[in-house]
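*Asks:*
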Amino acid sequence: MIIAAQTSSMLQHTYWLAVRGTQQLDLAERFATAADEAGFKVLALKGISIAQELYGVIENRPMADVDFLVVDTHRFAEVADVARTLDLTEIGASDHALVFKEPRSGVVLELHISLTACPGLFPIDHGGLWERRKTVVGAKFQRLSDADLLIHLSLHTAFQH
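Residue numbers (my numbering): 48 to 208.
1. Where does residue 117 sit, in a helix, a strand or coil, going by DSSP?
2. Might you give, ordered along the chain, the residues of its own chain that have their beta carbon closer than 6 Å to the beta carbon of residue 181, omitting 5 neighbours on each side?
3. Enumerated in chain order, which unbroken segments of the beta strand (DSSP E) with a length of 3 residues or greater are wholly contained in the region 111 to 190?
4. Select from 184, 156, 96 the residue whose C-alpha is nearest the C-alpha of residue 139.
5. With distances taken from CA atoms, which of 116, 108, 65 is nearest residue 195?
6. For residue 93, count the other beta carbons within 10 Å of its own beta carbon; 16 or more makes it buried, fewer makes it exposed. Which is it?
7. Using DSSP with H/G/I as helix, E/B as strand and the rest coil, what is residue 66?
8. Could you tell me whether the Cβ atoms of residue 169 and residue 202 are closer together than 8 Å?
9. Pull up the distance between the alpha-carbon of residue 160 and that of residue 58, whole angstroms please.
10. Given this structure, state the Cα-to-Cα distance separating residue 152 from residue 113, to the nearest angstrom.
11. Kindly indicate which three-state DSSP category residue 209 falls into: helix, strand or coil?
12. Anyone know if the C-beta pair for residue 126 and residue 79 falls short of 8 Å?
13. Closer than 7 Å by C-beta to residue 136: which residues in its own chain qualify, once you throw out the five before and the five after it? Chain order, please.
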């Protein structure tokens, strides 16, 4: 009986991860498409950018939120307006990101102006990141190149955590 209950609980959790991951992927694709159609350059960061390529399916890479870097930093406010056109509500801000939430799904989207907090500490060549970008496997948006992704994840782990 205990094993059956644990198995049921594990299946429910796996189902929840699949649904949540699908919602996150859907929002990422809708946002990236809307930004592209409006003429803005955005790059997926962290989990959403590697979930399917490295983990096989979205539910194998749980994420708290969906992160995008705004390449055209001088147009950051306009890109944030794109998020608002998708009925996302701004719920927070920091020195390097605006945080939005989709009320219907509860999915959180972070728009970054830099790769880490304290943007001046690790200046980046946004144009170079865009030139080296890669298309995300199995998705309709783009991410950092493999080398840039490795640097970003290393900085994120060391600096943010």
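Note that the Cβ used here is the ideal one computed from N, Cα and C, for glycine as well. These figures come from a predicted structure and were not determined experimentally.
*Replies:* Considering the structure as presented:
1. Here the question's residue 117 lines up with position 70 in the sequence shown. If DSSP states are grouped into helix, strand and coil, residue 117 belongs with the strands.
2. Mapped onto the sequence shown, residue 181 falls at position 134. If we look at residue 181 and ignore the five residues flanking it on each side, its Cβ neighbours are 190, 192.
3. 113 to 117, 136 to 140, 144 to 148, 155 to 159
4. Mapped onto the sequence shown, residue 139 falls at position 92. Ranking the options by Cα distance to residue 139, first place goes to 156.
5. Here residue 195 corresponds to residue number 148 of the sequence shown, with the count starting at 1. That would be 116, whose Cα lies nearest to the Cα of residue 195.
6. Here residue 93 is taken as the residue at index 46 of the sequence shown, counted from 1. Looking at its Cβ environment, which holds 16 or more other Cβ atoms inside 10 Å, residue 93 is buried.
7. The sequence position of residue 66 within the sequence shown is 19, counting from 1. Three-state DSSP puts residue 66 in a helix.
8. Indexing the sequence shown from 1 puts residue 169 at position 122. Indexing the sequence shown from 1 puts residue 202 at position 155. Yes, they are a contact pair.
9. The count along the sequence shown starts at 1 and reaches residue 160 at position 113. The count along the sequence shown starts at 1 and reaches residue 58 at position 11. Near 38 Å, if we compare the C-alpha coordinates of residue 58 and residue 160.
10. For this step, residue 152 is matched to residue 105 along the sequence shown. For this step, residue 113 is matched to residue 66 along the sequence shown. Whole-angstrom Cα-Cα distance: 13 Å.
11. Outside the modelled stretch of the chain, which goes from 48 to 208, sits residue 209, for which no answer is possible.
12. Stepping through the sequence shown from its first residue, residue 126 is reached at position 79. Stepping through the sequence shown from its first residue, residue 79 is reached at position 32. No.
13. Working through the sequence shown from its first residue, we reach residue 136 at position 89. Here the set comprises 147, 148, 150.
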